[in-house]
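Protein chains in written order, with the numbering used here: chain A, 1 to 252; chain B, 1001 to 1270. We put the CB at the ideal spot given by N, CA and C, even for glycine. Accompanying notes for the structure given below.
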Amino acid sequence: MSHHKLEIKDLHFSYPDGHKAIDGITISIGHGESVGIIGANGAGKSTLLMLLMGILFPDKGEIVVGDIPVNKKTLPFIRQRVGMVFQDPDDQLFMPTVYDDVAFGPRNYKLDEKDVEKKVLDALDKVGILHLKDRAPFKLSGGEKRAAAIATVLSMTPDILVMDEPTSALDHRARKNIMGILRSFEHTKIITSHDLDMLMEICNRIVVIKDGKVSADGTAMDVLTDSRLLDSCGLDVPLSLQNCPKCGRGKV
Amino acid sequence: MSGIVNSLYNMKHMDDLARRESPIHDIHPLIKLITTVVFITVVMSFGRYDIGRLLPFFLYPVIIVIVSDLPKAPILKRIIIIEPFIIGVGILNPLLESETFIVGGIELSKGWITFGSIFIKSLLAVTAALLLLATTGMDKIAGALRTLRVPKIFVLQLLLTYRYISVLTEEVARMLRAYSIRAPQQKGIHRSAWASFSGQLIIRTFDRAQRVYHAMCARGFTGDFNFGSVLKVNLKDNIYWVCWIIFFAAARLFDLPVLIGSMITGVFFV
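Structure, rendered in C-alpha cells:
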C-alpha cells in the first residue's frame, strides 16, 4: 500500500454562511506526482487544502490518502503522512526556537528524543538553515521563515507535501531557494499558488479550479500555455511565456 | 504606536534571555520552579509589620541576577511596570490604620509600615517570578509544571495565553499602523473608532489564533504539549535547592539583620 497517492472523490463543501466553496471536485493524484492547483482568489484552493488536512470536513464526498479515508478517527495518521506548509509562516512558527518548532511535530508522535533530534537536524539541513536552529523564529527573514516552516513539515517525513503559496512575498533569491527545496522533495507534492512561473518549473500537472469546480486538469505545459482557458478562470499565462514587453513578439 | 511594537519585542526579549547560558540557566527547570515557589511562599508568610525581616530576602534576586549575568535594565523595566498596581493596592493603608508610631519625633500611621510590607513582598515576588521566566523560559516552566502533575489543561492554558499575547499584540500593531498613516494628525485612536477598532481586533485575533491552532493540529497536536527529553536532576541541582532552602529557613526562623547586627556589635564591644 502506498500512502503517496491521493484520491479526492466528488467533494462538496459549504461554509456556515451558505457560501459553496467546493462543488463536486474529483482529482486523483499518483505516487510522486507534482500537482499545481491554481485558480483566481476565492476559487476554493485554500478550502480544498483545509479539507485535505482534515481541518475542515466535507459535506459530501471523501478524500482518501493511500487507502485510508480522511475522517476524525484517521486524522493522526493522515497528518503524519500529509505535511502542510501554511501560506503565512508566522502561523506555523510559534515556539521559542527554530529547533523546537521543527521538533514540535515529531514530539507530538512521541518519538524518542534522539530520533527527534536526528529528524530535526536532517530537515534543517535539507532546507539549508541548520545554522539557524537556535534562533528565535520571529527574528528570521521572510525566506528563512519560509524555509523553517518547510522544515517543520519535512521533519515528520511526510509522503505527501501540501503547500499553500510557498513563494508569496519572497525576493528573487529566497524564491529560487524555496524552489530548490521543493524540487528536492521526491514524493508527492501538491502546491497552490498564483506564481505560475514557479509551478511551471516544479509541477508536471496543473489543476485549474473555478467556482469550486475543476475547470481543467492536464500537463503543466498544456494548461499554462492555454491563454483562453486561463483567461476564462481569471488567470494569466506565466510571465515567462508572455509576449516580449519591448517588441511584442510572442513566445507561445 | 512604536510603543506597542517595542513592547512586543520586549516580551519576546524574555525568551531570548531564557536561551542564554549561565550556571543558573543550567539548573533543572523543576528545581528553579520549586525554589521560586518556596521563596514566594516564605516571603508572603511574614506578618504585616515584619519589614526588617524581609530585607535578607533581597539576596535571592541579587545573587540570581549576578550569577546568571542577566541585563538589569529589562528586568527593572518590567518590575517598574508592575509597581503602580502594587502601590494601588496598599496606598490607602496609611489612611485606614488608626494606630501610630513615632520616628524622630514625628508621629506616623502604622499603615505606612503595612504599605511598605506589601510593597516589599510584592516586589520580591514579582522579581522572583520574572527571574524564573528570564532564566528558564515559559516552555520549560510548563514542562516542569507537567512533571509536578499539574493538569495539562491548566499548563496548556498558561502556555497558549503566553504565546497568544504576541499574536494579539502583533494584530494591534498592524491595525495601529494602518490607522495612524491615515490619521497623521491624531494622537492615538479617536473615540468614534474605538468600537469598530476593538471589534475588528477581536475578530482578527481570533482568526489568526485559529490559523496558528490549525498549523499545530496539522503537525499532530492533540492537546498535549511535548517538551522533549526530561532532564535528570543532578548533584548541582540538589546543591542549588538545598542551599536556598537552608537560607530561606534561616531567614524565616531567625531575625537575620538583628542577629548579624548583634554579632558584629558583640565582636566590637567584647
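With DSSP as the reference, label residue i as helix, strand or coil.
i               : result
H1214 (chain B) : helix
A40 (chain A)   : coil
M156 (chain A)  : coil
F138 (chain A)  : helix
M1138 (chain B) : helix
M163 (chain A)  : strand
T1127 (chain B) : helix
M84 (chain A)   : strand
V223 (chain A)  : helix
S184 (chain A)  : helix
P69 (chain A)   : strand
L11 (chain A)   : strand
A216 (chain A)  : strand
S240 (chain A)  : helix
A1183 (chain B) : coil
S1109 (chain B) : strand
L256 (chain A)  : No statement about residue 256 (chain A) is possible, as the shown extent of chain A runs from 1 to 252 and does not include it.
G61 (chain A)   : strand
9 Å is my cut-off, CB to CB: does residue i come that close to chain B?
i              : result
F57 (chain A)  : no
A21 (chain A)  : no
M50 (chain A)  : yes
F86 (chain A)  : yes
R134 (chain A) : According to the sequence provided, residue 134 (chain A) is Asp. The question's Arg does not apply to it. Closer than 9 Å to some Cβ of chain B, the Cβ of D134 (chain A) qualifies, so yes.
D159 (chain A) : no
T97 (chain A)  : yes
P69 (chain A)  : no
M53 (chain A)  : yes
D17 (chain A)  : no
P76 (chain A)  : yes
Please confirm if residue i has its CB atom under 9 Å from at least one CB of chain A.
i               : result
V1270 (chain B) : Bear in mind that the predicted position of V1270 (chain B) carries a pLDDT of just 44, short of 50, making it unreliable; the figure below should be weighed with that in mind. Output row for V1270 (chain B): interface = no.
H1214 (chain B) : yes
G1143 (chain B) : no
A1218 (chain B) : yes
M1263 (chain B) : no
S1283 (chain B) : The requested residue 1283 (chain B) is not part of the displayed model; chain B covers only 1001 to 1270.
D1224 (chain B) : yes
G1228 (chain B) : yes
R1211 (chain B) : yes
I1153 (chain B) : no
M1175 (chain B) : no
Okay, do the stretch 90-104 of chain A and the stretch 170-178 of chain A touch, 3+ Cβ pairs below 8 Å being the bar? no
For the stretch 102-127 of chain A, list every residue whose C-beta sits within 8 Å of some C-beta in chain B, in sequence order. A103, F104, G105, R107, N108, Y109, K110, E113, V116
Restricting to runs no shorter than 3 residues, where is the beta strand (DSSP E) found entirely within the stretch 1030-1105 of chain B? 1100-1103
Quick check: the stretch 1087-1105 of chain B against the stretch 1113-1127 of chain B, are at least 3 beta-carbon pairs closer than 8 Å? yes
The stretch 181-199 of chain A contacting the stretch 28-45 of chain A, beta-carbon criterion three pairs below 8 Å: yes
Along the stretch 1011-1028 of chain B, what residues have a CB closer than 9 Å to any CB found in chain A? K1012, D1015, D1016, A1018, R1019
Are three or more beta carbon pairs between the stretch 1055-1068 of chain B and the stretch 1094-1103 of chain B nearer than 8 Å? no
With a cut-off of 8 Å, do at least 3 Cβ pairs link the stretch 143-155 of chain A to the stretch 116-135 of chain A? yes
Let me know the alpha helix (DSSP H) ranges lying completely inside the stretch 93-122 of chain A, each 4 residues or longer, listed in chain order. 98-108
At what residue ranges does the stretch 1191-1269 of chain B contain a whole run of the alpha helix (DSSP H), taking only runs of 4 or more? 1194-1217, 1235-1253, 1256-1269
Could you check whether the stretch 1143-1150 of chain B touches the stretch 1048-1057 of chain B, counting it as contact only if at least three pairs of C-beta atoms, one from each stretch, sit closer than 8 Å? no
By the 8 Å beta-carbon criterion, what residues does the stretch 147-181 of chain A contribute toward chain B? T152, V153, M156
Examine the Cβ distances between the stretch 1159-1172 of chain B and the stretch 1199-1218 of chain B and report whether three or more of them are shorter than 8 Å. yes
Under 8 Å: do the stretch 1181-1197 of chain B and the stretch 13-28 of chain A share three or more Cβ pairs, one atom per stretch? no
Decide if the stretch 50-65 of chain A is in contact with the stretch 1195-1203 of chain B; the criterion is three or more beta carbon pairs, one per stretch, under 8 Å apart. no
Is it a yes or a no for the stretch 1215-1231 of chain B touching the stretch 1017-1027 of chain B, going by three-plus beta-carbon pairs under 8 Å? no
Evaluate contact between the stretch 56-73 of chain A and the stretch 97-110 of chain A, counting only Cβ atoms and requiring at least three cross-stretch pairs below 8 Å. no
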